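A.B. asks: Have a look at this one.
Residue numbers (the working numbering): -3 to 432.
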């Protein structure tokens, strides 16, 4: 033992160099293969670019879904299914069986998926299983991406290529079989993958409702503003004491005297070029409809900042109805939340994970006066559906039991949005716990 110590002592420099060399070799042996594995497999990007100098063309710039004039068109929204090949076969089966039961019970005309369809870095096989199971339901379906899909070993274009193979995906359904498949991936001159439009038409081929499917992206950690500590630095939010806006941010009292905190999280936001595209579509559809605005709805994953304001006002209404008693001393709701209060319903059991930065999409929605429904996912145990400034802001019920969820079934199931002959909508949750 002493001879070894003496050798190390006398050859200290050489030993250190050798140790470093071994670490480097091991690092390269592990890192290079892992790096190759972790580089996302990419799909083909879209070849479609919209031209805002031209009018929206129903035949070339969107998909068409025909509505039966004799009944409302029924949309069943599935949120945060979060499938993974790391699950057991029984868990995968249980999730898909729940979707199947919802479809059999509700008989929807369209299935929408508001993101986080997969997660845990194994979307390649999960996508194939997803397409097989969802397509087998025989119902047109339309997906958007959440924040987790970009974190997997394939990119969003690759996933979209798999969706394009599905017989019943809206990209291939009915009259769309001969359409440009690049429409599904959305314009390549705006941010995101999967910004597309579905126009619901009646028997006269007149557009009665436009469905916007949009990519709300993933994370964006560089958007948190400096906190403001004086209300007069901003514009007061009507209906909420102490809340105010300043620029593109919202602030609320922090609980400390004369202190305020920014409302939001690190999650990303709808980009300006997406808002410009949205405006182009709304105005184009309006023009095609004899200059009469067509009602519309928007589906994406991450909630808008206005979800915070709308829900805070709604919670005040709940307190009025229940004489202030809606939570216990630990902050847990003691009310059910399923009964409607002024047409609003549901409860938020976790913070709203909207972005800090407000890119102005909600303001544009108000300005154009077309979209009356925004449907999102993302926050798994929130099921509120509130109306703020005439716009219904709805959390779709989380359907899958991936990641965190409420195992009691209190907020499990799907969300139904029906569209009538005038393009108007009605929203309700369909609660359905997993079968034991």
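For glycine and all other residues, C-beta sits at the position ideal for the given N, C-alpha and C.
The structure presented is a predicted model; accordingly, all values stated were derived computationally and were not measured.
Specify the secondary structure class of residue 210 as computed by DSSP and reduced to three states.
C.D. replies: In the three-state DSSP reduction, residue 210 falls in the coil class, being neither helix nor strand.
A.B. asks: Would you give the residue range spanned by the beta strand (DSSP E) that residue 328 belongs to?
C.D. replies: First-last for residue 328: undefined, no H or E at that position.
A.B. asks: For residue 412, which three-state DSSP category applies?
C.D. replies: strand
A.B. asks: Return helix, strand or coil for residue 186, following the three-state DSSP convention.
C.D. replies: coil
A.B. asks: Which of the three DSSP states is assigned to residue 224 in this structure?
C.D. replies: coil
A.B. asks: According to DSSP, what are the bridge partners of residue 139?
C.D. replies: 109
A.B. asks: Answer yes or no: do residue 267 and residue 187 have a C-beta to C-beta separation smaller than 8 Å?
C.D. replies: A distance below 8 Å separates the beta carbons of residue 267 and residue 187.
A.B. asks: Does DSSP put residue 27 in a helix, in a strand, or in coil?
C.D. replies: Note on residue 27: pLDDT 38, under 50, position unreliable in the model; the coordinate value appears next. Here residue 27 sits in helix by DSSP.
A.B. asks: Can you list the alpha helix (DSSP H) stretches of 4 or more residues lying completely in the stretch 31 to 111, in chain order?
C.D. replies: Listed in chain order, they are 85 to 102.
A.B. asks: Looking only at its chain, what residues have a beta carbon closer than 7 Å to the beta carbon of residue 169, apart from the 5 residues adjacent to it on each side?
C.D. replies: 136
A.B. asks: Please state whether DSSP places residue 424 in a helix, a strand or coil.
C.D. replies: strand
A.B. asks: Closest to residue 220 by C-alpha separation, out of 353, 200, 121, would be which residue?
C.D. replies: 353
A.B. asks: As an exercise, report each continuous beta strand (DSSP E) stretch of at least 3 residues that is fully enclosed by the stretch 248 to 307, in chain order.
C.D. replies: 256 to 258, 292 to 295
A.B. asks: Run through the stretch 149 to 182 for me and flag every whole alpha helix (DSSP H) of 4 or more residues, listed as ranges in chain order.
C.D. replies: The stretch 149 to 182 is shown to contain whole alpha helix (DSSP H) runs of 4 or more residues at 152 to 159, 178 to 181, in chain order.
A.B. asks: Rounded to whole angstroms, what is the Cα-Cα separation between residue 348 and residue 286?
C.D. replies: 39 Å
A.B. asks: Who does residue 377 pair with in a DSSP beta bridge?
C.D. replies: DSSP, once it has assigned bridges, lists no residue as partnering residue 377.
A.B. asks: What would DSSP say about residue 353, mapped onto helix, strand or coil?
C.D. replies: Residue 353: coil per DSSP, three-state reduction.
A.B. asks: Just the Cα atoms here: how many angstroms apart are residue 90 and residue 430?
C.D. replies: 7 Å
A.B. asks: Look at residue 249 and residue 235 and say whether their C-beta atoms are less than 8 Å apart.
C.D. replies: No, they are not a contact pair.
A.B. asks: Taking all protein chains shown into account, decide if residue 71 is buried (16 or more other Cβ within 10 angstroms of its Cβ) or exposed.
C.D. replies: buried
A.B. asks: Classify residue 270 as buried or exposed, calling it buried when 16 or more other Cβ atoms lie within 10 Å of its own Cβ.
C.D. replies: Residue burial annotation: residue 270 is buried, with at least 16 other C-beta atoms found within 10 angstroms of its C-beta.
A.B. asks: Restricting to Cα atoms, I'd like to know which of 206, 396, 132 is closest to residue 373.
C.D. replies: If you compare the alpha carbons of 206, 396, 132 with that of residue 373, the shortest gap goes to 396.
A.B. asks: Give a yes or no on whether the C-beta atoms belonging to residue 274 and residue 351 are separated by under 8 Å.
C.D. replies: no
A.B. asks: Mind reading off the beta-carbon distance from residue 166 to residue 123? Whole number of angstroms is fine, and I expect it under 8 Å.
C.D. replies: Not really, about 17 Å apart at Cβ, beyond 8 Å.
A.B. asks: Let me check one thing: in DSSP terms, what residues is residue 232 bridge-paired to?
C.D. replies: 240
A.B. asks: For residue 424, I'd like the list of residues in its chain whose CB is within less than 6 Å of its CB, leaving aside the five on either flank, ordered along the chain.
C.D. replies: 412
A.B. asks: How far does the alpha helix (DSSP H) with residue 198 in it reach, from first residue to last?
C.D. replies: That residue, residue 198, is in no alpha helix (DSSP H); it is neither H nor E in DSSP.
A.B. asks: What first and last residue would you give for the beta strand (DSSP E) that runs through residue 125?
C.D. replies: No beta strand (DSSP E) contains residue 125, which is instead part of the alpha helix (DSSP H) from 119 to 131.
A.B. asks: Provide the residue(s) that pair with residue 245 in DSSP beta bridges, ordered along the chain.
C.D. replies: Its beta-bridge partners are 242.
A.B. asks: Locate the beta strand (DSSP E) running through residue 407, then write down its first and last residues.
C.D. replies: Under the DSSP assignment, residue 407 falls outside any beta strand (DSSP E); it carries neither an H nor an E label.
A.B. asks: Is the stretch 47 to 60 touching the stretch 89 to 106, taking contact as three or more C-beta pairs under 8 Å?
C.D. replies: no
A.B. asks: Let's see if you can read the secondary structure: which residues bound the beta strand (DSSP E) around residue 391?
C.D. replies: 387 to 391
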